[in-house]
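Here is the structure we will look at.
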Amino acid sequence: MNAAAHFFTMGMESEASVIARGLRRRDPDLLDRLIEQYQHRLLRYLIHLAGSRELAEDLFQETWIRVLERGHQYDGKHEFSTWLYAIARNLTIDYLRKKGTVSLDGPMDDDEHAPLEPADKAPAAWEVVAQHEQAERISAALITIPAEYRETVVLRFQEGMALEEIASVTGARLGTVKSRLYRGLNMLMSRLKGAQA
Amino acid sequence: MMRDIHDEMRELIALGDSLSGAQQEQLRAHLQDCADCRSYAETAVKALQALRSVNIAAGTRLVHATQTRVRFHAARLREARERMWLVGLACLAVGLSATLTAPLLWRLFAWIGESMGLSALVWQTGFAVFFIAPALVVSLLLIARGAHLSDQTRNWK
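Take a look at the structure:
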């Protein structure tokens, strides 16, 4: 194959298949790049799923170790983020089951989970206060929503995932995802309204 | 049971931008006529804006720690794989050598048995033990090594 043809073929290769090939080789440079690329999204998802930043950071590291170990299982035909979230989700479920204190199928206890901390990049003092208050209000509202609804709402509206992708990550049917989205949004709205009153 | 049209429209609102053209048109028409659902939609938009405004970021410390840990673990996995290759090659070499030397050893044990006046059962048992013993020892060593490695993996943090 000549150079132009090779370049054309490589150019045509999708991002997902490049990632799949790199993961099969356990390419450390690729993993470094992926960790940086997905750092905020993955951590945000894990914080909402696990309910605390400290636990989410542990699970964040474990997720990437799992990606390294099981990278050969990623087929490159689906979105990498969907596969990544599914791994993070399974790890979180395993952890919560082992602990036996909380379940992804039920609401989390407010007292056990600190409110989410907003990112530290505020330009003005009043904005810091406002952002912090807003973040606390949202996190306090989210944490009271049963995990399966919270997860669906976060994946849809924070991570911008398509309904089919959410179904793939959570292993739920499309109809279930839609219903969770509706109920989750209703719960979030009523909690936020309650917090304002 | 007939579904309430308002519930149906609110479900559409919750789906966000995943609506088909017809659904969007249906929702738009309903919102023009229904003040309650319009108010619901406005509240939903505000709630989602608030949700999106929560800015959670991973710190550089976490990212670097993760990258370091992943690289370290990748190196360990690579070493383990290389070791398994060596073990595999060694097994192949031992298998070949055993196949080639078995007839010679058989004759040697038969000659020793005859020279010492041993019964066939005794020298044949001796041959079997001599032939199997190295493989047994290596297997035991590998099992012990494997158990040791799996303990390390479990405790690795």
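Chains A and B, in that order, are what the protein sequence lines are.
Numbering-wise (the numbering used here), the first sequence opens with residue 3 and increments by one.
Numbering-wise (the numbering used here), the second sequence opens with residue 1175 and increments by one.
Positions of the beta carbon are idealized from the N, C-alpha and C atoms, including for glycine.
One thing to note: A/A90 has its Cβ no nearer than 8 angstroms to the Cβ of A/L70. Chain-ordered, the chain A residues with CB closer than 7 angstroms to the CB of B/H1247 read I67, L70. In this structure, the beta-carbon distance from A/V155 to A/L183 falls below 8 angstroms. The Cβ atoms of A/Y40 and A/L86 sit closer than 8 angstroms to each other.
In this structure, the alpha-carbon of B/R1319 lies about 36 angstroms from that of A/L44. Not a single CB atom of chain B sits nearer than 8 angstroms to the CB of A/E56. The segment 61-102 of chain A contains, as complete alpha helix (DSSP H) runs of 4+ residues, the segments 82-101 (chain order).
A Cβ-Cβ separation of about 11 angstroms leaves A/G53 out of contact with A/I147 under the 8 angstroms criterion. In the DSSP annotation of this structure, A/R28 is not part of any alpha helix (DSSP H), being labelled neither H nor E. Chain order gives the chain B residues near A/R158 as G1190, where near means a beta carbon separation below 7 angstroms. Contact between A/T84 and A/L51 does not hold, since their C-beta atoms are separated by about 15 angstroms, which reaches or exceeds 8 angstroms.
Using a Cβ-Cβ cut-off of 7 angstroms, B/S1227 is close to Q136 of chain A, given in chain order. Per DSSP, reduced to three states, the secondary structure at B/C1208 is coil, with no helix or strand assignment. Counting only Cβ-Cβ distances below 7 angstroms, A/D34 has contacts in chain B at Q1241, in chain order. Think of a sphere of 9 angstroms around the beta carbon of B/E1185: the chain A residues whose beta carbon falls inside it are K180, S181, L183, Y184, in chain order.
For A/H74, no chain B residue has a Cβ inside 9 angstroms of its Cβ, as the nearest lies near 11 angstroms away.
Restricting attention to A/S192, A/S16, A/T65, the CA atom closest to the CA of A/K79 is found in A/S16.
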